[in-house]
Amino acid sequence: MNQVWRKGILYVAATGIEGCWLYALMALLNKGVADEQLSISGILLLYPVSFGLNKMLRKLRWPGFCLRIISWLLWVAGVLLIVKIQLFGGLAWADTTWLLAIPRAIAGVIYTFKPALLILLSAAVIWWLGRRLAYLRVSFATLVGEFQFGLFILVIILFIAAQLKVDLAHFVYLIAAFFLFSLLGISIAHALEGTSWLSGLYRGHWSGLLLLSIGLVLILGFLISLVVTPDLLHLLLAGLKWIWGLIVKAIAFLISLFPEPKPELAELPPPIPVPEIGPSQEFKLWTMPEVLRNGLRLGWTVLMASLLVFAMWRISSQIFKWLRRRLASPAGAEYEPLRGAFRADFLSLLKSLLFKLLGLRRLFQPKARAGPLLPEIVSVRQIYRQLLRWASAAGITRHVSQTPHEYLYELVGKLPEAEGDLDLITQQYVRTRYGAWLPTEDEIHQLRQSWYHVKQCPLGDRR
Numbered sequence: 005m006n007q008v009w010r011k012g013i014l015y016v017a018a019t020g021i022e023g024c025w026l027y028a029l030m031a032l033l034n035k036g037v038a039d040e041q042l043s044i045s046g047i048l049l050l051y052p053v054s055f056g057l058n059k060m061l062r063k064l065r066w067p068g069f070c071l072r073i074i075s076w077l078l079w080v081a082g083v084l085l086i087v088k089i090q091l092f093g094g095l096a097w098a099d100t101t102w103l104l105a106i107p108r109a110i111a112g113v114i115y116t117f118k119p120a121l122l123i124l125l126s127a128a129v130i131w132w133l134g135r136r137l138a139y140l141r142v143s144f145a146t147l148v149g150e151f152q153f154g155l156f157i158l159v160i161i162l163f164i165a166a167q168l169k170v171d172l173a174h175f176v177y178l179i180a181a182f183f184l185f186s187l188l189g190i191s192i193a194h195a196l197e198g199t200s201w202l203s204g205l206y207r208g209h210w211s212g213l214l215l216l217s218i219g220l221v222l223i224l225g226f227l228i229s230l231v232v233t234p235d236l237l238h239l240l241l242a243g244l245k246w247i248w249g250l251i252v253k254a255i256a257f258l259i260s261l262f263p264e265p266k267p268e269l270a271e272l273p274p275p276i277p278v279p280e281i282g283p284s285q286e287f288k289l290w291t292m293p294e295v296l297r298n299g300l301r302l303g304w305t306v307l308m309a310s311l312l313v314f315a316m317w318r319i320s321s322q323i324f325k326w327l328r329r330r331l332a333s334p335a336g337a338e339y340e341p342l343r344g345a346f347r348a349d350f351l352s353l354l355k356s357l358l359f360k361l362l363g364l365r366r367l368f369q370p371k372a373r374a375g376p377l378l379p380e381i382v383s384v385r386q387i388y389r390q391l392l393r394w395a396s397a398a399g400i401t402r403h404v405s406q407t408p409h410e411y412l413y414e415l416v417g418k419l420p421e422a423e424g425d426l427d428l429i430t431q432q433y434v435r436t437r438y439g440a441w442l443p444t445e446d447e448i449h450q451l452r453q454s455w456y457h458v459k460q461c462p463l464g465d466r467r
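Numbered per this note's numbering, the sequence shown spans residues 5 to 467.
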């Protein structure tokens, strides 16, 4: 599988994850706002169109503001096309009524929420997500963040639909597709970074086992959904009610065994009469209309929900990036315990999250920080860390004062038959750790084979 095909799978997984929660959200809004007048699939087609067009625009190497202007002009054309096809399909193209539908919907948003406004907002979000994916490097951390955010949105949608008693069609299949895209994308991304069993020499068998397991889980889920019918649930609920009735009767019987309180203690004094207070005769200069009050309440709710979702997205993504940098750090070194180091690291993490959330990083931290490591470099470092742990378990530990080449001489003295493989692992680690060298896919594959050959040597018998 070449590099282009692997990247394509990751992009398809990310698109599927976002497409599932977008479809659920739009289905809920379509029933509650547009009275099911819109075609959700037709609007979601804007997602791959946005991704493809922005991918092509990115290859032009033009200034960033020019690319943004062209991208959003294309979005305007797409929104007008969707409005014309879905809401004004019977009108002629020369009729300007469909061109004025969105401005009229915006002007009358205080009184009613029209389907044209829903198309405008949903198309803006979908176009931005497609453009974001076109400029995004999809990795294991990215897919995990997408899964966390998408699961949070789906839970909120399911809760709102249950409270409003809205029946979302095919919601079970949508959830199954969401987890299918998430599991496949996360597993493949984890394997491509060289951090899982999918990156070994027998990854074909493990891949087949993964697909078989996912298929088995989906089949069992569908079988359970066929067996657990509403009649069975009503029967179970009736049984629980009967058991609860027995418990209530038993409690009532136990209470009846106690003596009743005396009448003089049970009687309460009569309530004190409270004088009636008439309505206030204050003069009101202006009363806010009910329509305006409902509009402000809706706007405040949307604003608070957006801030909450944005905060959770940023916090979860920053925590995962911090953990990834920690896990990608080189191992095999000795650390000296410092007093107050944990508190300092924790405060530094909270400060970094607060600055990124409020956008104050440029004011307080003008120096640019290094970004996350590339997956190729992470793969090389992790293989070298596995070599350090394997050799340390056999009694050959790398000391703090030893360089990688000095440690190589010690390993070769214990394993002369693996000299070539050990030299390859050490050389690639030194070039990626202390140089600006980026290994290719074939070199990483050769490195994994060398590590596999080294593990076959009986080092434990040569202490």
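Using N, Cα and C, we set each Cβ at its ideal position, and we do this for glycine too.
Status (buried if at least 16 other CB within 10 Å, exposed otherwise) for residue i
i	result
Gly134	buried
Glu380	buried
Thr430	buried
Asn298	exposed
Ser352	exposed
Ile255	exposed
Phe151	buried
Trp97	exposed
Pro119	buried
Thr116	exposed
Ile223	exposed
Tyr438	exposed
Leu307	exposed
Ile161	buried
Arg402	buried
Trp66	exposed
Tyr433	buried
Gly149	buried
Ile86	buried
Through-space distance from residue j to residue i, alpha-carbon basis
i	j	result
Trp304	Leu261	56 Å
Ala337	Ala395	Residue placement at Ala337 is poorly supported in this model, since its pLDDT is 43, which falls under 50; the coordinates are not used for a value here.
Gln41	Leu57	28 Å
Gly20	Ala145	16 Å
Gly68	Lys418	56 Å
Leu250	Val232	26 Å
Lys11	Val142	8 Å
Gly225	Gly219	10 Å
Leu296	Ile114	6 Å
Phe185	Ser405	47 Å
Cys461	Ile400	14 Å
Leu451	Leu378	17 Å
Gly189	Phe92	39 Å
Pro234	Leu155	26 Å
Met60	Gly23	21 Å
Val221	Leu48	28 Å
Phe163	Lys169	10 Å
Trp25	Ile448	36 Å
Trp9	Leu196	12 Å
Gln167	Ala18	30 Å
Ala309	Leu216	39 Å
Leu124	Leu392	56 Å
Arg72	Gln390	45 Å
6 Å CB neighbourhood of residue i in its chain, flanking five on each side removed
i	result
Leu518	Nothing in the structure corresponds to residue 518, since the chain is present only between 5 and 467.
Leu172	Ala31, Ala165
Ile130	Leu50, Tyr51
Gly82	Leu50
Phe153	Trp317
Ala422	Val458, Cys461
The alpha helix (DSSP H) enclosing residue i, as first and last residue numbers
i	result
Lys169	That residue, Lys169, is in no alpha helix (DSSP H); it is neither H nor E in DSSP.
Ser54	50 to 62
Asp39	Careful: Asp39 lies outside any alpha helix (DSSP H) and carries neither H nor E.
Pro462	Element bounds for Pro462: n/a, residue is neither H nor E.
Lys245	234 to 260
Lys418	408 to 418
Interface flag, residue i vs chain C, CB-CB below 8 Å
i	result
Leu300	The chain labelled as chain C is not found in the depicted structure, where only one protein chain is given.
Own chain residues within Cβ distance below 7 Å of residue i, not counting five before or after
i	result
Leu187	Ile218
Asn34	Glu40, Leu42, Ile44
Ile110	Leu121
Trp248	none
Ser126	Met30, Ile47
Residues near residue i by beta carbon distance below 8 Å, same chain, minus five either side
i	result
Leu442	Leu378, Glu380, Ile381, Thr436
Ile484	There is no way to answer for residue 484, as the model of the chain reaches only from 5 to 467.
His409	Thr430, Val434
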